[in-house]
Amino acid sequence: MVVQRAQLKDVTSRLPEFPKFPQSGDRVSWLLGRGTPAGDREAFFVWQERALDLLLAWGVGNVVAGSVLAVSGSGITRAIGIQAILWGSVETTVALYSEYWARKHAVEARAGMLGAQAIQDEAERFEYFLALNTAADIVYVLGGVTVAIKSEHPRWRGAAIGVAIQGGALLIYDLVLTVRTILRPETHFRRTAFD
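Just so you know, the sequence shown maps onto residues 107 to 301 in my numbering.
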């Protein structure tokens with residue numbers, strides 16, 4: 107019985123603690139992804155999950171606002187609403203899926219199942235994914251603006267405006283997140299800090 111309690115204590119001591127909102131002095135650095143309440147090993151993944159919360163909120167907001175526009179509007183407004191619903195659904199799905207993996211990696215990192223090289227690989231993979239998304243967002247904005255200017259049909263013009271709006275918002279989000287990811291210490295090899 108004593109052995110089982112010791113084993114249980116050992117297992118519970120390795121369970122991850124969810125980050126708590128810091129005291130007032132640390133809030134700005136916490137929001138910027140610095141000085142997270144998590145340990146060194148899982149700090150990147152906790153920050154990544156927090157950063158994806160904004161994409162999740164944007165996606166859900168798009169579905170709600172797009173539904174209102176699609177139902178109550180006509181022509182251009184309806185087409186913009188339909189685009190918002192479609193993009194919002196994809197954004198919500200991507201955010202939930204990515205947050206799941208960030209949470210999973212945070213638990214693995216805290217348990218010591220991910221070494222420094224694996225943490226760096228995941229951080230670089232996220233950085234690369236964001237850079238590709240930023241390039242795609244530029245194409246969405248340019249394509250949407252071009253079609254909106256050249257099209258005379260209200261539905262096509264509304265759809266193009268919707269694509270340009272979504273692409274512009276995601277361009278800002280992905281670009282800022284790319285820069286912040288590049289500046290994170292996990293994208294630079296620091297084996298001694300993690301292993």
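Glycine included, every Cβ here is placed at the ideal spot set by N, Cα and C.
Here the structure is a predicted model, which is why all the values come from computation and not from measurement.
By the DSSP assignment, the alpha helix (DSSP H) with residue i in it spans what residues?
{"i": "proline 260", "result": "260 to 289"}
{"i": "alanine 217", "result": "Taken as a continuous stretch (DSSP letters only), alanine 217 belongs to no alpha helix (DSSP H), as it is neither H nor E."}
{"i": "threonine 252", "result": "222 to 256"}
In angstroms with no decimal places, state the Cα-to-Cα distance between residue i and residue j.
{"i": "valine 285", "j": "leucine 236", "result": "9 Å"}
{"i": "glutamate 228", "j": "arginine 209", "result": "13 Å"}
{"i": "glutamate 258", "j": "alanine 171", "result": "25 Å"}
{"i": "phenylalanine 150", "j": "tyrosine 279", "result": "18 Å"}
{"i": "tryptophan 136", "j": "glutamine 189", "result": "For tryptophan 136, the predicted model reports a pLDDT of 46, less than 50, meaning its position is unreliable; a value from the coordinates is still stated below. About 34 Å."}
{"i": "glycine 165", "j": "tryptophan 193", "result": "7 Å"}
{"i": "isoleucine 53", "j": "arginine 263", "result": "In the structure displayed, the chain extends from 107 to 301; residue 53 sits before or after that span and is not available."}
{"i": "threonine 293", "j": "leucine 277", "result": "21 Å"}
{"i": "serine 173", "j": "glycine 167", "result": "10 Å"}
{"i": "glycine 218", "j": "valine 282", "result": "30 Å"}
Determine the DSSP secondary structure at residue i, reduced to helix, strand or coil.
{"i": "serine 195", "result": "helix"}
{"i": "glutamate 148", "result": "coil"}
{"i": "serine 180", "result": "coil"}
{"i": "glycine 172", "result": "helix"}
Considering only the alpha carbon of each residue, which of the options lies closest to residue i?
{"i": "valine 196", "options": "Ala185, Gly273, Ala224, Ile244", "result": "Gly273"}
{"i": "valine 152", "options": "Leu238, Asn168, Glu214", "result": "Glu214"}
{"i": "glutamate 205", "options": "Ala270, Glu155, Ile271", "result": "Glu155"}
{"i": "leucine 289", "options": "Glu230, Arg147, Gly187, Pro260", "result": "Glu230"}
{"i": "alanine 265", "options": "Ile186, Leu276, Val169, Gly165", "result": "Ile186"}
{"i": "glycine 268", "options": "Val253, Phe232, Leu281", "result": "Val253"}
{"i": "proline 260", "options": "Arg147, Asn168, Val169, Thr183", "result": "Thr183"}
**Study point:** Stretch-stretch touch, CB-based, cutoff 8 Å, three pairs: the region 154 to 166 with the region 199 to 207
**Key:** yes
Quiz item: Are the region 169 to 186 and the region 241 to 252 in contact at 8 Å, needing three or more beta carbon pairs?
Solution: no
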